Amino acid sequence: MHQREHRIYDPAMECISRDELHQLQSERLAATVKLEYENVPMYRARMDEAGVKPEDIRSVEDLKYLPFMEKTDLRDYYPFDLLAAPKSEIVRIQGSSGTTGKPIVSGYTRNDIEVWSQMMARTLTAAGATKDDIVQVTYGLGLFTGGFGAYQGADKIGAMVIPMSSGNTARQIMMMKDLGTTLLCCTPSYATYLGETIREMGIDPAKDLKLKAGCFGAEPWTEEMRERIEGLLEIDACDIYGLTEISGPGVAFECLEKQGMHINEDHVIAEIINPTTGEQLPYGMPGELVFTTITKTGMPMMRYRTHDICTLTDDKCRCGRTFARMGRITGRTDDMLVIRGVNVFPSQIESVLVRADGVAPHYMLIVDRVNSSDTLEVQVEMTEDMFGDTVAHIENVRKYITGQIKSVVGIASKVTLVAPKSIPRSEGKAKRVIDNRKL
Amino acid sequence: MFIEQISVFLENRNGALREMTQLLGNAGVDMLALSVADTQNFGIIRMILASGATDDALKLLRDNGYIAKINHVICAKVPDRPLGLCELLDIVEKADLSVEYMYSFLRASKPGEAHMILRLSNGEKAAKVFDMHGVGMMSQEEVDAL
Numbered sequence: 079m080h081q082r083e084h085r086i087y088d089p090a091m092e093c094i095s096r097d098e099l100h101q102l103q104s105e106r107l108a109a110t111v112k113l114e115y116e117n118v119p120m121y122r123a124r125m126d127e128a129g130v131k132p133e134d135i136r137s138v139e140d141l142k143y144l145p146f147m148e149k150t151d152l153r154d155y156y157p158f159d160l161l162a163a164p165k166s167e168i169v170r171i172q173g174s175s176g177t178t179g180k181p182i183v184s185g186y187t188r189n190d191i192e193v194w195s196q197m198m199a200r201t202l203t204a205a206g207a208t209k210d211d212i213v214q215v216t217y218g219l220g221l222f223t224g225g226f227g228a229y230q231g232a233d234k235i236g237a238m239v240i241p242m243s244s245g246n247t248a249r250q251i252m253m254m255k256d257l258g259t260t261l262l263c264c265t266p267s268y269a270t271y272l273g274e275t276i277r278e279m280g281i282d283p284a285k286d287l288k289l290k291a292g293c294f295g296a297e298p299w300t301e302e303m304r305e306r307i308e309g310l311l312e313i314d315a316c317d318i319y320g321l322t323e324i325s326g327p328g329v330a331f332e333c334l335e336k337q338g339m340h341i342n343e344d345h346v347i348a349e350i351i352n353p354t355t356g357e358q359l360p361y362g363m364p365g366e367l368v369f370t371t372i373t374k375t376g377m378p379m380m381r382y383r384t385h386d387i388c389t390l391t392d393d394k395c396r397c398g399r400t401f402a403r404m405g406r407i408t409g410r411t412d413d414m415l416v417i418r419g420v421n422v423f424p425s426q427i428e429s430v431l432v433r434a435d436g437v438a439p440h441y442m443l444i445v446d447r448v449n450s451s452d453t454l455e456v457q458v459e460m461t462e463d464m465f466g467d468t469v470a471h472i473e474n475v476r477k478y479i480t481g482q483i484k485s486v487v488g489i490a491s492k493v494t495l496v497a498p499k500s501i502p503r504s505e506g507k508a509k510r511v512i513d514n515r516k517l
Numbered sequence: 016m017f018i019e020q021i022s023v024f025l026e027n028r029n030g031a032l033r034e035m036t037q038l039l040g041n042a043g044v045d046m047l048a049l050s051v052a053d054t055q056n057f058g059i060i061r062m063i064l065a066s067g068a069t070d071d072a073l074k075l076l077r078d079n080g081y082i083a084k085i086n087h088v089i090c091a092k093v094p095d096r097p098l099g100l101c102e103l104l105d106i107v108e109k110a111d112l113s114v115e116y117m118y119s120f121l122r123a124s125k126p127g128e129a130h131m132i133l134r135l136s137n138g139e140k141a142a143k144v145f146d147m148h149g150v151g152m153m154s155q156e157e158v159d160a161l
């Protein structure tokens, strides 16, 4: 692989030593907890209940003593009861998209908008953006954070922003072509659709367009989708992660190494926890992602449970950034199974099954209870890679998978290799689990 | 020295083998040899096909969703009389080779001669040892000419 040129918006912060970062995070955490305790009755009540005082929180290690926040808390204290700043200091309201019932809203002070813009400026820069770039934002500009986030980040860099908002694909493509868009911000599914439409129209991205990269987020996607988007549009497709509760897009972002998303750790602390017990898990272990904001003043968040499943790593990235990286979101805690008391995520099994080309064969987990003991059967559709002409070869593949599942997930399973297309396909989201336990 | 064999992964269920043979039969594929290895959950079908049909058959099978591969096996010419096979296996054993599987052609090309298809623990070595002991082996050309 050739060495890529990496642009970094704020090298002093983004490449800070882990020790200095720890110190900075600890100071900011302590100040934020104090702010929360003194200004938000809910935080005060929760911390009192947990027997924790602001002065008990002195470093990142003390985070584990703090109570968790859930999305329901934002609904219960809607709209302003979680504000840590006077309403007059709030300069913006953003809200969550497409949820049922009451929306959740977040209030931003001038400082919070600045923090968020900085995170997005880093995000776009990591994808290669400079002030010479033309950034087309096709995220909706409205309550949803996607549009404003991308706009603010590009504006901060000094790039030329085209705030298209969503929809009207023909017009998007016309502007892209006429104005010479170099960087695209939208959802990965819309990027795919744009790419397909561009190809159908007979436009050759290499010749007729100036696109070089895209920042795609707001929904989970896969490496296969990345390859497809990069092929269709002939660009680098970078993943971004964010949520309104924390600020919006840009909480974490990929650099051109595309090896996980760097978390803006000077503004948030990320933890991975066991979703059942709430215990912190070490880097490398899959679990629920939890964020604590440490610079927000409008609506700071303490240990906010995202219910997204991923892993973290603080291995140094080739781009030079020291910020820890989060892997792709591989599932939701709702997908988690508890088998013989062990938390099992279908994504862990999938990671075992992923072949050299990065694609997992179709599989199904069948959980049952026999003689009051849980059983796990993993049905895997045979692939050409796994197939051989001797029974011994296939048995070895089966044993290998069984062994890998045992070492990754920690429980024994029965692996059955089945014919291609024999596992039923479901419309939309793939159904990976059949739980036959009568509990 | 080696001949082409197609192997196919089959689910262990009623009708699976019939469906596959129907697919190949409708395309006019003639099987010269066939073996079925079965386990509780799956089966492996191995076939030697007539007149260079192997590549087309592989494509046909894959296009129809089968997992199939081409492998290279030895086809030894064995005297069609009592102890004929035993003598071959004696050579195999003395050469410290083991048989992973073995099956035979469905029809003989010459009276008095049987064709045994063998997958041995070390194919290259087996071919040399057979040659040394004067054991005849079918070439791909001979198979295609059948």
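First to last, the protein sequences are chains A and B.
Note that the numbering used here has the first sequence beginning at 79, numbered continuously upward.
Note that the numbering used here has the second sequence beginning at 16, numbered continuously upward.
Positions of the beta carbon are idealized from the N, C-alpha and C atoms, including for glycine.
From a predicted model like this one, the values you see are computed outputs, not experimental measurements.
Contact of A:Leu495 with chain B by beta-carbon distance below 9 Å involves Phe24, Asn56 and Phe57. Taking a 10 Å sphere around the C-beta of A:Asn421, we find 16 or more other C-beta atoms and assign the residue as buried. Contact annotation: in the region 104-134 of chain B, residues whose CB is within less than 9 Å of a CB in chain A are Glu115, Tyr116 and Arg134. By the rule that beta-carbons nearer than 7 Å mark a contact, A:Ser491 does not touch chain B. Per DSSP, A:Gln358 lies in no alpha helix (DSSP H) and is assigned neither H nor E. Taking CB atoms only, A:Lys499 has a neighbour in chain B less than 7 Å away. Using a 10 angstroms sphere on the CB of B:Phe120, the tally of other CB atoms reaches 16 or more, which defines it as buried. Measuring C-alpha to C-alpha distances from A:Asp256 to each of A:Ile212, A:Leu321, A:Leu415 and A:Thr468 identifies A:Ile212 as the nearest. Within the region 146-176 of chain A, complete alpha helix (DSSP H) segments of at least 4 residues are found at 149-154, given in chain order. When the beta-carbon positions are compared, A:Gly320 and A:Pro327 come within less than 7 Å of each other. Within 7 Å of the CB of A:Thr468, the CB atoms of chain B belong to Glu115, Tyr116 and Arg134, in sequence order along the chain. Runs of the alpha helix (DSSP H) spanning 4 or more residues and lying entirely within the region 71-106 of chain B do not occur at all. Legend: CB atoms of the region 65-91 of chain B lying less than 9 Å from CB atoms of chain A belong to residues Arg77, Gly80, Tyr81, Ile82, Ala83, Lys84, Asn86 and Val88.
In terms of Cβ geometry, A:Pro132 and A:Lys149 do not form a close pair [threshold 7 Å]. The Cβ atoms of A:Asp317 and A:Glu332 lie closer than 7 Å to each other.
For A:Lys492, the enclosing beta strand (DSSP E) has its first and last residue at Lys492 to Val496. A straight-line Cα-Cα distance of about 38 Å links A:Gly236 and A:Glu139. Within the DSSP bridge table, the entry for B:Arg61 names B:Ser22 and B:Ser50 as partners. Look at A:Glu105 here: in three-state DSSP terms it is helix.
Scanning its chain for C-beta atoms nearer than 7 Å, with the 5 sequence neighbours on each side dropped, one finds around A:Met379 the residues Met147, Glu323, Ile324, Phe369, Thr370 and Thr371, in chain order.
Here DSSP, grouped into helix, strand and coil, assigns B:His130 to strand.
For B:Lys125, the closest C-alpha among the options B:Met16, B:Met35 and B:Glu157 is that of B:Glu157. In this structure, A:Ser195 is the residue among A:Ser195, A:Ile251, A:Pro119 and A:Ala90 with its C-alpha nearest to the C-alpha of A:Phe226. Taking 7 Å as the CB threshold, A:Met442 stays off the interface with chain B.
Burial check for A:Ser450: the Cβ neighbour count within 10 Å stays below 16, so the residue is exposed.
Under the 7 Å criterion on CB atoms, A:Met377 is classed as non-interfacial with respect to chain B.
Within the region 331-397 of chain A, no complete alpha helix (DSSP H) segment of 4 residues or longer occurs.
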